[in-house]
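Notes follow once the structure below has been shown.
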Amino acid sequence: MSKLMISVSGIRGIFGETLTPEIAMKFAAHFGNFSGKGKIIVGRDSRTTGPAMFHAIVSGLISVGCEVVDIGVVPTPTVLLAVEESDAKGGISITASHNPAEWNAMKLVGENGMFLFPERAKDFIASLDKSVKYESWKNIGKLTSDQTAIDRHIEKILKISYLDIEKIRERKFRVVVDAVNGAGGVIIPELLRKLGCEVIELNCEPTGIFAHTPEPLNKNLGQLEQAVKEHRADIGFATDPDVDRLSIVSEKGKCIGEELSLLLAEKYVLSRKKGDIVCNLSSSMASEDIAEKFGVKVIRTRVGEINVGKKMKEIKSPIGGEGNGGIICPEVHYTRDAPVGIALILGYLSEQSKSISELADKIPKYYFAKDKLKVEPEKLDSIMEKVPIIFRDFKLDKTDGIKVLGDKFWIHIRKSGTEPIIRVYVESETSERSQRLCEETIGKLMR
Ligand code: MG
Numbered sequence: 109m110s111k112l113m114i115s116v117s118g119i120r121g122i123f124g125e126t127l128t129p130e131i132a133m134k135f136a137a138h139f140g141n142f143s144g145k146g147k148i149i150v151g152r153d154s155r156t157t158g159p160a161m162f163h164a165i166v167s168g169l170i171s172v173g174c175e176v177v178d179i180g181v182v183p184t185p186t187v188l189l190a191v192e193e194s195d196a197k198g199g200i201s202i203t204a205s206h207n208p209a210e211w212n213a214m215k216l217v218g219e220n221g222m223f224l225f226p227e228r229a230k231d232f233i234a235s236l237d238k239s240v241k242y243e244s245w246k247n248i249g250k251l252t253s254d255q256t257a258i259d260r261h262i263e264k265i266l267k268i269s270y271l272d273i274e275k276i277r278e279r280k281f282r283v284v285v286d287a288v289n290g291a292g293g294v295i296i297p298e299l300l301r302k303l304g305c306e307v308i309e310l311n312c313e314p315t316g317i318f319a320h321t322p323e324p325l326n327k328n329l330g331q332l333e334q335a336v337k338e339h340r341a342d343i344g345f346a347t348d349p350d351v352d353r354l355s356i357v358s359e360k361g362k363c364i365g366e367e368l369s370l371l372l373a374e375k376y377v378l379s380r381k382k383g384d385i386v387c388n389l390s391s392s393m394a395s396e397d398i399a400e401k402f403g404v405k406v407i408r409t410r411v412g413e414i415n416v417g418k419k420m421k422e423i424k425s426p427i428g429g430e431g432n433g434g435i436i437c438p439e440v441h442y443t444r445d446a447p448v449g450i451a452l453i454l455g456y457l458s459e460q461s462k463s464i465s466e467l468a469d470k471i472p473k474y475y476f477a478k479d480k481l482k483v484e485p486e487k488l489d490s491i492m493e494k495v496p497i498i499f500r501d502f503k504l505d506k507t508d509g510i511k512v513l514g515d516k517f518w519i520h521i522r523k524s525g526t527e528p529i530i531r532v533y534v535e536s537e538t539s540e541r542s543q544r545l546c547e548e549t550i551g552k553l554m555r
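Per the working numbering, residue 109 is the first one in the sequence shown, and the count goes up by one each step.
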């Protein structure tokens, strides 16, 4: 049986096994105590265990005197935005993101509408050792509901200053959306219609019965590829159940890969608004090529969206995110947002007299390879200590694990935060070279 995972981003487990309503209730009560009395906004993705989790969480929160605002089945970025735009003390998104249906989780949102900053998250985890302070009948909180969060989210996207809405509308794009029956169905078709698109909905019923493995990776998007071809659509979009990751299928009915979502968004935004790009250490080096064309830099952060968002805010970056299809556009907010990504990609497409596959082809092509090394927990550090010796002739970035910077390749070696494994990621100009570098690195680490 898998463990309940408690980390800086919240708790995650298999519902009814490691993650029970009792645990969710207690955790929410702690979060209420930690955040202070006041408004807490709660939204959930479409998982069948969502209502049980929701009621447990509400019970915990109102019992410690919080005022819960239920915004219903919504994307995670909608919860984040709703917190940012209100006087709430925080929020909870009930979702296990791209994990399969048996999982559920709670993502914790701070007062500023971003996930708890790592330092604050550590303080919260430390506070779990204290006992919960429940309120009596006089001071107990209330539950109210607000069904306007989706509309406000869409409105904010349509107000992105450089987005030419009329130009997008004129093109009358035919778009297929695969929301895997997650929360995407409640926002994306509506957003697309506002952008004048003809929408073909695939798995857009938020039933929580995922139509395929929910992570929006190429291997899971065969149905969308088929539908784009059948409907002769201009483009296909796929999202994960909580709608913060975006994948694109070209008009040829072929996945162009999650990595391209961010790169295309970077090209479009930088043509409108100059500034340095921020992305994590494991995202494609094609960002550097794009940045060079626009005369800006790429700032790399530790893996984890909060690290990217925080840095973007600090340096006022116009665009950034993560290579797994996580696009962050500060005009809306500093968190990954697939509906925002869709608007940016359509903005780009509407300005070019090219198809999405032609635009994708213009982005320098690199290839990833990844593998992991299972080791005894006590050997993790001694193996990591070998890395600077093995790669002594290279420039090393030690922001997060060790990243070896070569000529047109990189190797990122880091310990997993949750299991006794070392992950190795490689990117280079050919698939064969990446594969070979990955195998060689694993071999040297094991020696
Ligand atoms: Mg997600």
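From the three backbone atoms N, C-alpha and C, an ideal C-beta is built for every residue, glycine too.
- When DSSP reads this structure, W211 sits in a beta bridge with I122.
- In the structure shown, the three-state DSSP call for E338 is helix.
- Pairing G158 with G316 gives a Cβ-Cβ distance under 8 Å.
- Counting along the chain, the unbroken beta strand (DSSP E) around E306 starts and ends at E306 to L310.
- If you draw a straight line from the Cα of M113 to the Cα of T526, it comes to about 8 Å.
- Taking I427 as reference, the option from G124, A446 and D384 with the minimal CA-CA separation is D384.
- The DSSP-derived three-state label of T409 is strand.
- Going by DSSP, Y242 is part of no alpha helix (DSSP H) at all; its letter is neither H nor E.
- As the crow flies, the alpha-carbon of K487 is around 34 Å from that of T203.
- In the three-state DSSP reduction, G449 falls in the helix class (H, G or I).
- Judged by beta-carbon spacing, M214 lies within the 8 Å limit of I200, meaning their Cβ atoms are closer than that value.
- One alpha carbon belongs to E374, the other to A446, and they sit about 14 Å apart.
- The count of Cβ pairs closer than 8 Å, one atom from the region 339-354 and one from the region 272-292, reaches three, so the stretches are in contact.
- The beta carbon of L332 lies closer than 7 Å to those of V284, D286, L310, G344, A346 and V357 in the same chain, with the five residues before and after it left out.
- Scanning K250, A132, E263 and L389 for the CA closest to the CA of V416 turns up L389.
- Within the chosen limit of 7 Å, ligand 1 reaches the beta carbon of T184 through at least one heavy atom.
- Minimum Cα-Cα distance from R282 among the listed residues V404, I308 and S171 corresponds to I308.
- The chain-ordered list of residues whose CB is nearer than 5 Å to some heavy atom of ligand 1 reads S205, D348, D350 and D352.
- Around the CB of M420, 16 or more other CB atoms lie within 10 Å, so the residue is classed as buried.
- Its Cα nearest to that of R228, the residue L216 stands out among D237, K238 and L216.
- About 7 Å separates the beta carbon of L457 from that of L467, a gap short enough to meet the 8 Å contact definition.
- When DSSP states are grouped into helix, strand and coil, L127 belongs to the strand group.
- The region 292-303 and the region 128-145 do not touch, with fewer than 3 CB-CB distances between them shorter than 8 Å.
- Under the three-state reduction of DSSP output, G525 falls in the coil class, being neither helix nor strand.
- A distance below 6 Å between beta-carbons, with the five flanking residues on each side excluded, links N328 to the following residues of its chain, in chain order: H320 and T321.
- By DSSP's assignment, L251 forms a beta bridge with V176.
- Cβ-Cβ distances below 6 Å link S539 to Y475 in the same chain, with the five nearest sequence neighbours on each side left out; the list follows chain order.
- T156 and A209 have their C-alpha atoms roughly 8 Å apart.
- Note that the C-beta distance between G249 and C174 is below 8 Å.
- Comparing C-alpha distances from R555 to each of Q543, K418, P183 and V495 shows the shortest one belongs to V495.
- Inter-residue distance for V172 and S425 is about 38 Å (C-alpha atoms, whole angstroms).
- N141 carries a helical assignment under DSSP once its states are collapsed to helix, strand and coil.
- In the DSSP annotation of this structure, the continuous segment of the alpha helix (DSSP H) that includes G158 starts and ends at G158 to S171.
- By alpha-carbon distance to A335, the top candidate from K360, P314, P324 and P349 is K360.
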